[in-house]
Amino acid sequence: YGNTVNGNNAPTGDAWHVFEAVVPGAAYDGDLGPKEGIDGVSQTDRLILIVGLVALVGLLWSVGRP
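Add 790 to a position in the sequence shown, counting from 1, and you land on the number used in my numbering.
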């Protein structure tokens, strides 16, 4: 874990970052890749986000039609 601080003494803009690496040995049986992407968002979360955004745009479009 690493903490990045922006240096302006404000409570906003600071963030914790995680780096995960898998170094398998000869008898390793686990998953070789992390479950989440590089930004911490899994594929399932991305799919739910896209479906939600499409639904929101569709609702706004249907309400805004004359």
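The beta-carbon is built from N, C-alpha and C at its ideal position, and this holds for glycine as well.
In the three-state reduction of the DSSP assignment, A811 falls in the coil class. The beta carbon of R836 is closer than 7 Å to none in its chain, skipping five residues each way along the sequence. For G830, the closest C-alpha among the options V844, G842, V808, P856 is that of V808. Residue state for A845 is assigned as helix, using DSSP reduced to three classes.
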